[in-house]
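Q: Got a structure for you, questions after.
Given below as structure tokens:
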């Protein structure tokens, strides 16, 4: 997770941890059923619509201090659109843009989107679209949504699940290792955990983060050989009890629960996976643990240690491995495979 | 919270956030009743003794990956000893040492302590003793304390409260502003929240952090004009329910509960304050919120907004303002006031 | 599960525990601000309006299987109206009516109210109006409120606090002992706990129940010498975490929180007291413990043992002792004092 | 609270609900690994040994007010021994004894066991051994186990899971209907829920109770045609979070978790099933709901409604249907089939 950044090396011969990305900023989900997806995120999960434009709605959790962390866009098939990362400074943004461009993964500069300024857009090696930006619009709640807590951006309304904030996302990738190296080397993400089968030869998943949150990005093997697909997007609640309550609410609203509430062994995440009406897998999430060590030793799980992927027994359903969006098995055309740079 | 670090400036004319301190490493508590204090932390809070040497015991929570995060040392009076911060790299350690030395707050290099390598020792402006180090010993659990979770450093034993890890500490300071400027300027901590009375003229407290944890260091006004004193040391549990359960356990063990369980307005922390038998205030803590924004706008509370300091009503007891360790009112001699550098 | 055992009835002349009252059925709250009170119970606490008639709204928790457990009636002052108890059988209803009539506390038979059949109405010695009934209308949820759980009367909507069901009520009484003897002797309630000051001479409160719930009726001393007043009405949630979440919701909605969330020592109840906009004290409640013993030994607390009435420290505010509805101090005329029968 | 009302007994010839059994008193579990079973209940679940005699240990939860609710007895195979029910009065005990004797299910009077007085012993139709008693020894904690709560029989020690009290047990029966009729007719238990397949022709399970607890006795079909076998014994904790914490503790102690934590649809119970080292299935349990209605309408689930038996999805493992103790499949000899009375 150390990177040779020429600008830095002139001062310090030993590479230091890169610290140019601050956090996951915004995730765009594509949905063929925008009205029902909006109902799911707004009425069932309790998010707030901060803005609407064209085919998109911009949502937020009551604890997100950015104006929006989830963009919902009508599309022919489900899946993930642009994944935006916030830089730690304007200079960090420039540095990352140059490094990614040099790696031939760049798309180019954009004028930003609702809630954020100009950004540099690129592909990860698997073809997911990403963007780095620095300028961000803070949320200013209208009077009726103002919290009685001055340090809380928005009233906790007590509607539905009441997710606090966006936490992370997991992407499917045909070559997990290549994408993991990209995220470590070019984004500076620290590797937190890995699942490695066949005596380390098959990398099934890697969990990474630019900050103390256990993982803000996971790459998981796309067993169908697709490109640019989503495994899940994850929203945070503060207590495990909130996840149990979420399960009650999902069940009452006829939402399909794929797995959980239960506890993963890797990440220690307390999870609840459902499919939003558009088809994307969404996780309600709590627990896990923070990592603050600059020299964190990644925890690697082999076949035996990983077991079922759950801590208390039971198993994740086969769909958890097989299903992603867009759902290739359903006959949809996958996103165009990206032109992978030779670097990876 | 931006600092002119000459080494950096040659490359980037605009200052970038300093990122040289990774996290709070270890806190030393002094106790005139070492046996009872050990009983409190080990048997009531459920911590583990990792090492004993001389008049000190080195403790840890089951989720701490460093070998020890709390050092308990027999002393004539209660209070806080050395507060150790971990650097993000060996270079960062050197940079901080040079900068602190230049500010005339330095004491000098030490050969480290159990669990950590050489460090640079110094005073904060109020006279608390601090140290920065980089080399850290990870915990390797003996067989009987090994967790069934590969990513958990130690078995969750289910003994007493079962605190997960060290979270933060709050120090009393006669001049909060001077110490806040020190922590921002020389340690690179981001200011998260402040309590400012008298139209901003009286700074009652400042909450700061080097990472996404809401605060790892708070300076709170020493109303008695002392120096080098402790307000509280805080240990984390994952859920609010764990804090309630902790209150039951403290009550069953005859531990004095000063306040809580309840929710602060500033920090949103869900708190439970008790006095360990040596006299130091210890907090069992959950909730609060993470901050990942590089440009976080500090939240400032005035008299009216701060109110009682609790969110749901009720009041913190007067002792919460008046009492710290060592307890000056009890006639103990305070730590020698430090020679404050002219810089602050 | 009904057994005809006529041979038994003449074999035992020794008194056995009376089992004629099954549970608290319905409580009527009076409010001078009916619209705001309705908003509080429906939108903030998440109850459902099952029926409206005249100046009254009939509400229910999602887990109440009776059609309504709370009647909200517009009135000049806050307070409690009719308190209805369900009998265990039609015969039990007749028996209780005769016994109460014989004790000269009876008012007479009524034709019932929404959701229940004919009942026998009476005063307790302090003058509160009560009623015993047997016939009860079960709730049949309309399609949009039907739960995905067949054994749950109504969908858990996840709106506001989401109280599950009515639990108990506490009445102020100028002579606690007389009312306690009445509830034990004529209603067959088991005494669970008592607060007795002055070496047993002053009975400050008695907690009683006709079933395994710790208490469904409490008599607490009316320190102002009033009659027929209410201390609080209590609604149940399943977990302590639900009470904490309720506090967040009350705070966000500008509801005055008088005390809690915290834990009583007597009853072990985990409480949160607020005033609904009409002025009545309402408790959100969990925890406590069930009593199934037929020979339960009442737990009696003296001044020292009772302490502040809270388990973890802190104190209940003076208003908790002084305030009831109607609020005599506010100059309202109290309910007419009842003609107390000589029996008590 | 006792009332002498002899005039009443001859007035009503219509059958009223029987109220002769107060609650489940004590369950005896048989174990071929008594030392390990004792470790499980004492060190992992946190129960206390109140007494030891011969091959038996008598245990209790911190909230049980009877001196013991679980008897652990060394035996050749796992299974359930004597199941003791407490009567509501001495007269109720006599009435039940006569009625059971008349039904030809009686074994005879015993001199009691540790913690309880003389009792009438009998078989249920499936051959489980049961007993009814009235005299019960209350727990008086020794000084070191005394609680700081006067109404709590024993200190909450914070050791392991910390189960509060015994809640219920589920028995396997070859003919569920016969045993259900027995429990309703002779013990007076109210039927709460049923699973009925084949359009009501196959009764898979019936959940019943003598008090407000949802069920204290369940009969579940013994798919292997055995007799006198146990499905599970269940221990209560107050919050769902306590069940999650229990799962962490079981996992850390290498205890096999068969299912959960999750939520049943029938009973709404929040369950966690593990096998204690002797082989018996033990449930850590919270949630569910109380029933206080004298005319409760049993909730009946057919194949489609019952589904997997869980509320949030997922499935109970096949072992949950197949496995009971003693484990017939393992080649052990089942308990002698009882001589079933012609009445059933």
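Residue numbers (the numbering used here), protein chains in the order written: chain A, 464 to 807; chain B, 464 to 807; chain C, 464 to 807; chain D, 464 to 807.
For glycine and all other residues, C-beta sits at the position ideal for the given N, C-alpha and C.
Since the structure is predicted, the reported quantities are computational estimates derived from the model, not experimental observations.
Less than 7 Å separating the beta-carbons of residue 789 of chain B and residue 592 of chain B?
A: Their beta carbons are not under 7 Å apart, which means residue 789 of chain B does not touch residue 592 of chain B by this criterion.
Q: How would you list, in chain order, the residues of chain A whose beta-carbon sits under 8 Å from the beta-carbon of residue 623 of chain D?
A: Under the 8 Å cutoff, chain A gives no residues; its nearest Cβ is about 16 Å from residue 623 of chain D.
Q: With contact counted as at least three CB pairs below 8 Å, one residue from each stretch, are the region 770–785 of chain B and the region 548–557 of chain A in contact?
A: Counting Cβ pairs under 8 Å, fewer than three are found: no touch.
Q: Is any beta-carbon of chain D found at less than 7 Å from that of residue 519 of chain B?
A: It does not; no Cβ of chain D falls within 7 Å.
Q: Span of the beta strand (DSSP E) holding residue 634 of chain B?
A: 628–636 is the span of the beta strand (DSSP E), which, as asked, contains residue 634 of chain B.
Q: Spell out a yes or no on whether the region 732–740 of chain D and the region 640–655 of chain B are touching, meaning 3 or more CB-CB pairs, one atom from each, closer than 8 Å.
A: Counting Cβ pairs under 8 Å, fewer than three are found: no touch.
Q: Just list the beta strand (DSSP E) runs in the region 762–795 of chain D, keeping only unbroken ones of 3 residues or longer that don't cross its boundaries, in chain order.
A: As far as the region 762–795 of chain D is concerned, its whole beta strand (DSSP E) runs of at least 3 residues are 762–764.
Q: In chain D, which residues lie with their C-beta within 9 Å of the C-beta of residue 704 of chain A?
A: Per Cβ cutoff of 9 Å: 702, 703, 704, 707.
Q: Name the DSSP beta bridge partners of residue 685 of chain A, please?
A: Paired residues: none, contrary to the question.
Q: Which bits of chain B does residue 480 of chain A rub up against, with CB to CB less than 7 Å?
A: Residues of chain B passing the Cβ test: 551, 552.
Q: Do we get a CB-CB distance below 7 Å when we pair residue 618 of chain A with the residues of chain C?
A: Judged by the 7 Å Cβ criterion, residue 618 of chain A is in contact with chain C.
Q: In whole angstroms, what separates the C-alpha of residue 726 of chain C from that of residue 771 of chain B?
A: Using only the alpha carbons, I get a separation of about 20 Å.
Q: How about residue 536 of chain B and residue 523 of chain B: do their beta carbons lie closer than 7 Å?
A: No, they are not a contact pair.
Q: Can you tell me which of C:745, C:701, C:533, C:699 puts its alpha carbon nearest to the alpha carbon of residue 718 of chain C?
A: Comparing Cα positions, the closest option is C:745.
Q: Hey, would you say residue 609 of chain C sits closer than 7 Å to residue 596 of chain C, going by beta carbons?
A: In this structure, residue 596 of chain C does not lie closer than 7 Å to residue 609 of chain C by Cβ.
Q: Under 6 Å Cβ to Cβ from residue 558 of chain C, same chain only, skipping five residues before and after it: list those, please.
A: Excluding residues within five positions, the ones whose Cβ falls inside 6 Å are 483.
Q: In the structure shown, what three-state DSSP assignment does residue 589 of chain B receive?
A: Three-state result, residue 589 of chain B: coil.
Q: In or out: residue 716 of chain C buried (at least 16 other Cβ within 10 Å) or exposed?
A: With 16 or more other Cβ atoms within 10 Å, it is buried.
Q: Checking the sheet assignment: what are the DSSP bridge partners for residue 502 of chain D?
A: DSSP lists no partner for residue 502 of chain D.
Q: Looking at the secondary structure, which residues open and close the beta strand (DSSP E) in which residue 754 of chain A lies?
A: Unbroken run through residue 754 of chain A: none, as it is neither H nor E.
Q: Using the beta-carbon of each residue, which ones in chain B are nearer than 9 Å to residue 774 of chain C?
A: Those are 710, 711, 714, listed as they occur along chain B.
Q: Please report the distance separating the alpha-carbon of residue 574 of chain C from that of residue 662 of chain D.
A: Their Cα atoms are separated by approximately 40 Å.
Q: Measure from the C-beta of residue 762 of chain B to each C-beta in chain A and report whether the shortest distance is under 7 Å.
A: Yes, its Cβ sits closer than 7 Å to a Cβ of chain A.
Q: Give me the chain B residues within the contact set of residue 784 of chain C, using Cβ-Cβ distance strictly less than 9 Å, ordered along the chain.
A: Under the 9 Å cutoff, chain B gives no residues; its nearest Cβ is about 16 Å from residue 784 of chain C.
Q: Using the beta-carbon of each residue, which ones in chain C are nearer than 8 Å to residue 571 of chain B?
A: Correct list: empty, because the minimum Cβ distance to chain C is about 44 Å.
Q: Starting from the C-beta of residue 659 of chain B, find all residues in its chain whose C-beta is less than 8 Å away, skip the five residues before and the five after it, and write them out in chain order.
A: Around residue 659 of chain B: 665, 666, 667, 763, 764, 765.
Q: Measuring CB to CB, does residue 672 of chain C end up less than 7 Å from residue 653 of chain C?
A: Yes. Within cutoff.
Q: Can you list, in chain order, the residues of the region 721–755 of chain A whose Cβ is nearer than 9 Å to any Cβ on chain C?
A: Within the region 721–755 of chain A, no residue qualifies.
Q: Check distances from the C-beta atoms of the region 507–535 of chain C to those of chain D and list, in chain order, the residues that come in under 7 Å.
A: Going along the region 507–535 of chain C in chain order, one finds 526, 528 with a Cβ nearer than 7 Å to chain D.
Q: Using a Cβ cut-off of 8 Å, pull out every chain B residue sitting near residue 770 of chain C, in sequence order please.
A: Correct list: empty, because the minimum Cβ distance to chain B is about 11 Å.
Q: Does the beta carbon of residue 677 of chain A come closer than 7 Å to any beta carbon on chain B?
A: Taking Cβ atoms only, chain B never reaches closer than 7 Å to residue 677 of chain A, which makes this a no.
Q: Quick one: give me the first and last residue of the alpha helix (DSSP H) that residue 544 of chain C is part of.
A: Unbroken run through residue 544 of chain C is the beta strand (DSSP E), 542–550; no alpha helix (DSSP H).
Q: In angstroms, rounded to a whole number, what distance separates the CA positions of residue 714 of chain B and residue 576 of chain D?
A: The straight-line gap from Cα to Cα measures roughly 35 Å.
Q: Taking just the CA atoms, how far does residue 598 of chain B sit from residue 583 of chain B?
A: Approximately 12 Å, taken between the alpha carbons.
Q: Three-state secondary structure (DSSP) at residue 652 of chain B?
A: Here residue 652 of chain B sits in coil by DSSP.
Q: So residue 486 of chain C packs on residue 615 of chain C, CB below 8 Å; how close in whole Å?
A: That pair is no contact at about 18 Å.
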